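Adding 37 to a residue's 1-based position in the sequence shown gives its number in the working numbering.
Every residue, glycine too, gets a C-beta built ideally from N, C-alpha and C.
These numbers were taken from a predicted model, which means no experiment stands behind them.
Below is one structure, written out as C-alpha cells; the observations come after it.
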Amino acid sequence: MTTPAPTDTLTERFAAARQVADAVLFEGYVLYPYRASAAKNRLRWQFGVLVPPRWGADRAEHSHQRTECLMEPRSGARLTAELRFLRTQRRTVQRLGPDGEFTNAAELELPDRVLVPWDEGTEERCPVEVPVAELAGDGVTVPFTRPAGEETEPVHDADGRPVGRLVRRREEINGVLRLTAREIDGPYAVLKLTATVENTSTWPPDPAAADRDAALPRSLIAAHLLLGLNAGRFLSPTDPPEWARGAVADCANEHTWPVLAGPPGSADVMLSAPIILEDHPAVAPESPGTLYDALEIDEILALRTATLTDREKREARGTDPRAAEVIDLADGMPPEVLERLHGAVRALREVTGPDPAPARPDTPWWDPGGDRDVDPLTDRITLDGRSVGAGSRVALRPGRRRTDAQDLFLHGRTAVVEAVLHDVDGGVHLAVTVEGDPGADIRREQGRFLYFQPDELAPLEDE
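Below you can see the structure in the form of C-alpha cells.
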C-alpha cells in the first residue's frame with residue numbers, strides 16, 4: 038500500500054470534485070450575518086460529525102460512516118481514496134495588560150476588526166492509494182492520528198504596538214479508514230467496495246460528564262470521501278444499469294450518500310458525503326465565491342451582506358478569515374457580477390419549425406373543478422388487482438429514477454391514500470399521508486400531501 042499522487046486524470050477529477058466537496062465541507066460553517074455573536078452561529082457543526090465512540094454511545098451522534106458502492110475495475114486497477122474532514126481548533130482571545138501579562142478577553146477591538154473567541158475549522162486529509170487486488174478479504178486498514186497542539190498569534194494595533202494575542206488549541210484525534218472489496222454473485226465482473234471511516238479516540242474518561250462543546254474538538258466534522266479508479270468505473274447508486282439494481286439495493290450506506298462525481302458521462306470518481314447530492318454535482322458557474330451559508334442564495338446574501346454596518350463588518354472580519362472573505366467579496370463585487378447572479382436559464386432548446394401560437398381562449402380548455410367525470414375523493418384505480426382510493430392503506434416503493442431523493446427514505450413505510458388525481462396527459466397520481474407522521478393531521482387540514490405514481494405503491498388490504 039502506498040500514498041503517491043493519483044494519475045493526472047484522477048488528479049484533475051479530484052480537484053473538480055473538491056470544489057463540490059468544499060461546498061459540503063463548509064456548508065453552514067458560518068451563517069449570515071457572519072458574526073460569532075449571532076445566535077445562529079452559536080450552535081454549529083450539524084452534519085457529518087463523527088464523535089468519539091464512548092461519548093456518542095448514548096447520544097444521537099455517530100462515531101462512524103459507511104460507504105458501499107459497486108465498481109468494475111479493469112485488470113491492474115488501483116483505487117485512490119481521500120478522507121477529508123474539518124478539525125476544530127478553539128481560538129481564545131487574550132489582552133496584554135500593563136504588567137505584561139495576558140488575560141482572556143471577551144473581545145479585542147481593532148480599527149479593522151473585532152476579535153472574539155471562536156471555533157475555527159481546519160481542513161484535514163487522509164489520502165491512500167492501493168491496488169484493487171489488495172482489497173480482497175480483510176482489505177486494508179489505514180489508521181491516522183492528529184496530535185494535540187497549541188499556537189499563538191500576536192495581535193498589534195494600527196501603530197504596530199502589541200495589544201494581545203490569539204491562542205489556538207487543538208485536541209488529539211484518532212481514527213481509521215478501512216477499505217474492502219468482494220465480488221458479487223452474477224455473470225458480471227463487479228465488486229462491492231466498502232469504505233468505513235471511524236473515530237477511534239478513547240476520550241472521554243467519563244462520558245456522562247462531557248458535553249458536546251467538549252466533544253467537537255475531538256471529532257471529525259463534515260467527514261466525506263473521494264474515491265477514484267485509474268482503470269475502470271463506478272456504477273451509479275441512484276441510477277444503476279438494470280442488471281445491477283438488485284446489487285445496488287443491497288449496498289448499505291450509513292450516515293453518508295455516494296454519487297458519481299466529475300463531468301457528466303464520467304464514472305471514475307465517486308463522492309460520498311453527509312448530504313444528499315445528485316450524480317455529477319457541480320458548483321454554479323455564476324457563483325463568484327464561497328459564502329459558506331447553508332442553502333446559500335448568492336444574490337440575496339451578497340446584497341444583505343453589503344448592507345451590514347461598519348461595526349458589524351468589523352466583527353465579521355474578526356470572527357474568522359472565511360467570514361472576512363465574504364465581507365470583502367460583497368464589498369468588492371462589480372455590478373456586472375452581481376447582475377449575473379439574478380438567474381440563469383439552463384434548458385433552452387432550438388425551435389426549428391413553425392409553431393404558431395393558437396388564439397387564447399377566454400376560458401381554460403379544461404377545468405378540473407368543473408369536470409364531473411373526475412373526483413379525487415371518490416375516484417379509484419386498480420393496483421395489483423385491488424381497488425385503491427381515498428382511505429386505502431398502501432406501502433411506499435419510490436422509484437429511484439424519478440423520485441425526489443428525500444422520498445427514498447420512505448421506502449417500505451406505510452401510508453394512507455388521501456386522493457386519486459388525474460392530470461391532463463392521462464397520468465394518475467396518488468396523494469398520501471405517511472402513517473406514524475405526528476404532523477399528518479395538520480398536513481391533511483392544509484392539503485399538503487406526498488404524491489406518488491401508481492407503480493410506486495403496493496396495496497396492503499382489499500377494499
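Contacting residues, own chain, Cβ-Cβ under 8 angstroms from residue i (five flanking each side not counted)
i: P398; result: Its pLDDT being 49, under 50, P398 is placed unreliably in this model, and the value from its coordinates should be taken loosely. Within the same chain, P398 has no close Cβ partners at all.
i: F51; result: P43, T117, E119, L263, G265 and V306
i: V179; result: M38, C163, V165, V213, L214, R215 and L216
i: R443; result: Going by the sequence as given, residue 443 is Gln instead of Arg. Answer for Q443: I313, listed in chain order.
i: A360; result: V67, Y71, R72, Y329, A353 and R354
i: L447; result: L433, P435, V471 and L487
i: A60; result: V320 and T327
i: R480; result: T470, D474 and F486
Range of the contiguous beta strand (DSSP E) that encloses residue i
i: D412; result: Where D412 is concerned, there is no enclosing beta strand (DSSP E), given that its DSSP letter is neither H nor E.
i: D156; result: W155 to P168
i: T239; result: Premise fails: T239 is in no beta strand (DSSP E) and is neither H nor E.
i: A339; result: A339 -> not in any beta strand (DSSP E); alpha helix (DSSP H) instead, spanning D335 to A343.
i: R423; result: R423 to G426
i: R430; result: R430 to L433
i: P496; result: L494 to P496
i: F84; result: Neither: F84 is in no beta strand (DSSP E) and is coded neither H nor E.
i: N141; result: F139 to N141
i: Y66; result: Segment: none, Y66 is in no beta strand (DSSP E) and carries neither H nor E.
i: F489; result: L487 to F489
Residue i: first and last residue of the uninterrupted alpha helix (DSSP H) it sits in
i: R351; result: D347 to T356
i: E482; result: A477 to Q483
i: W92; result: P90 to G93
Beta-carbon contacts of residue i that lie in its chain and below 7 angstroms, excluding the five residues immediately before and after
i: W82; result: L253 and I258
i: R351; result: D149, R150 and V151
i: D421; result: A495 and P496
i: Y69; result: D330, L338, R341 and T342
i: A456; result: P413, L414, A427 and A468
Own chain residues within Cβ distance below 6 angstroms of residue i, not counting five before or after
i: L264; result: A118 and M307
i: G201; result: Q131, R132, L133, L145 and V192
i: G176; result: L216 and T217
i: F489; result: L467
i: D194; result: V200
i: A173; result: none
For residue i, the residue or residues it bridges with in DSSP
i: G201; result: R132 and V192
i: I210; result: R183
i: M370; result: BP columns for M370 are empty, so no partner.
i: K229; result: L107 and R219
i: H459; result: V465
i: F122; result: E161
i: H101; result: E235
i: R150; result: Partner(s): none; R150 has no beta bridge.
i: A452; result: V431 and V471
i: T46; result: Its beta-bridge partners do not exist; DSSP assigns none.
Problem set entry | Length at least 3, wholly inside the segment 253-327: the beta strand (DSSP E) runs in chain order | 258-266, 269-271, 294-297 and 306-310
Problem set entry | Inter-stretch contact (C-beta, 8 angstroms, three-pair minimum) for the segment 409-429 and the segment 488-495 | yes
Exercise. Quick check: the segment 81-101 against the segment 224-231, are there 3 or more CB pairs under 8 angstroms?
Worked result: no
For this session: Evaluate contact between the segment 233-240 and the segment 99-106, counting only Cβ atoms and requiring at least three cross-stretch pairs below 8 angstroms.
Result: yes
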